[in-house]
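Numbering (the numbering used here), first residue to last: 1 to 326.
Everything below concerns the one structure shown next.
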């Protein structure tokens, strides 16, 4: 008996391989230079698909509940919708004049997109088919960038970069409920549900504003944590114990104790790091200059592996997800 499969056996093997691969968690890395998305299987830590999308993709959110990854394409003024089981684009949504930051409600029903040039937050039906128009457009401050949706669906947070503030949007009323002043030029946002805190990364003041969100009508900055130059992305790791922050212009990653808000260490050796996400005992850092993702041990920050991606990788947003089994 040889190791060569018959056509029938080969077909079955391919089906099993596909089913196994598509059930794993995936990282969806937007590549601004090559206008595509690298799909990384986190089980094997290998790129298993490259998906063409719109021009200059930047923002991304992978929703396990929706079974889709949504990608913002600023230069195409669209959102590409990637089916997680097929790893291909199944829909394209028109999205204002310059979609950047993007997030989705916890139930996978509503997609929120920051339109950078039009100072608005667009709301989409995440299950829509065809080139569906937004359900709503909510006026926000100047140059809206990062978006973070509260897991309970009540509020959405928007970084108003050029106003040095964060807007708290009432998701049901679809209006701004409150605002809070943060540092200079907030870009990325990360919501910490366990602590009812919002982290705003301020690219010009090189710090992180920690905002108490227990009362959405009265958000208050309770701490400011200094990090490296131009903080861009953030992720909670080690069960939420550690806050990792990428510093674009310093080629470093800051590691912060999420309880005490003390800087524990600064990790060197990155190349214009942008997006970052955590899964299990690993942290994934996206390097724009080196066209790769570096895999870190979450506890120590030690580099474990480097995964080549497309050109000018960004990964701005919650880029890890897995389709829920039918």
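Cβ coordinates follow ideal geometry from the N, Cα and C atoms, glycine included.
Assignment of residue 302 by DSSP, reduced to helix, strand and coil, places it in the coil class.
Cβ neighbours of residue 310 within its own chain (closer than 6 Å, five residues either side excluded): 31, 34, 36, 38. Secondary structure note for residue 101: its beta strand (DSSP E) is the uninterrupted segment 99-104. Exclusion of the five residues before and after residue 308 leaves 292 as the residues of its chain whose Cβ lies within less than 6 Å of its Cβ.
DSSP, read as helix, strand or coil, puts residue 181 in strand.
Residue burial is scored here from C-beta neighbours: residue 264 has fewer than 16 other C-beta atoms within 10 angstroms and is therefore classed as exposed. Taking one beta carbon from each stretch, the segment 97-109 and the segment 59-70 have 3 or more pairs nearer than 8 Å; the two touch. For residue 76, there is no enclosing beta strand (DSSP E), as DSSP marks it with neither H nor E. Residue 231 places its beta carbon less than 9 Å from that of residue 248. Only residues of its own chain outside the window of five on either side were considered, and among them 227, 231, 234, 254 have a CB closer than 6 Å to the CB of residue 245, listed in chain order. When 257, 312, 281 are compared, the shortest CA-CA separation from residue 304 is found for 281. In the structure shown, the three-state DSSP call for residue 163 is helix. Within the DSSP secondary-structure output, residue 212 pairs in a beta bridge with 197, 220. Closest by C-alpha distance to residue 69, out of 77, 173, 91, is 91. For residue 120, the secondary structure class from DSSP, reduced to helix, strand or coil, is strand.
DSSP places residue 110 inside the beta strand (DSSP E), whose first and last residues are 110-115.
Pairing residue 302 with residue 44, the inter-Cα distance amounts to about 19 Å. Approximately 16 Å separates the beta-carbon atoms of residue 200 and residue 176; this is outside 8 Å, ruling out the contact.
Note on residue 103: 16 or more other CB atoms within 10 angstroms of its CB, so buried under the neighbour-count rule. The continuous stretches of beta strand (DSSP E) do not include residue 129, and DSSP gives it neither H nor E. Between residue 171 and residue 185, the CB-CB gap reaches or exceeds 9 Å. For residue 46, the three-state secondary structure derived from DSSP is strand. Within 10 angstroms of the beta-carbon of residue 239 lie fewer than 16 other beta-carbons, which makes it exposed.
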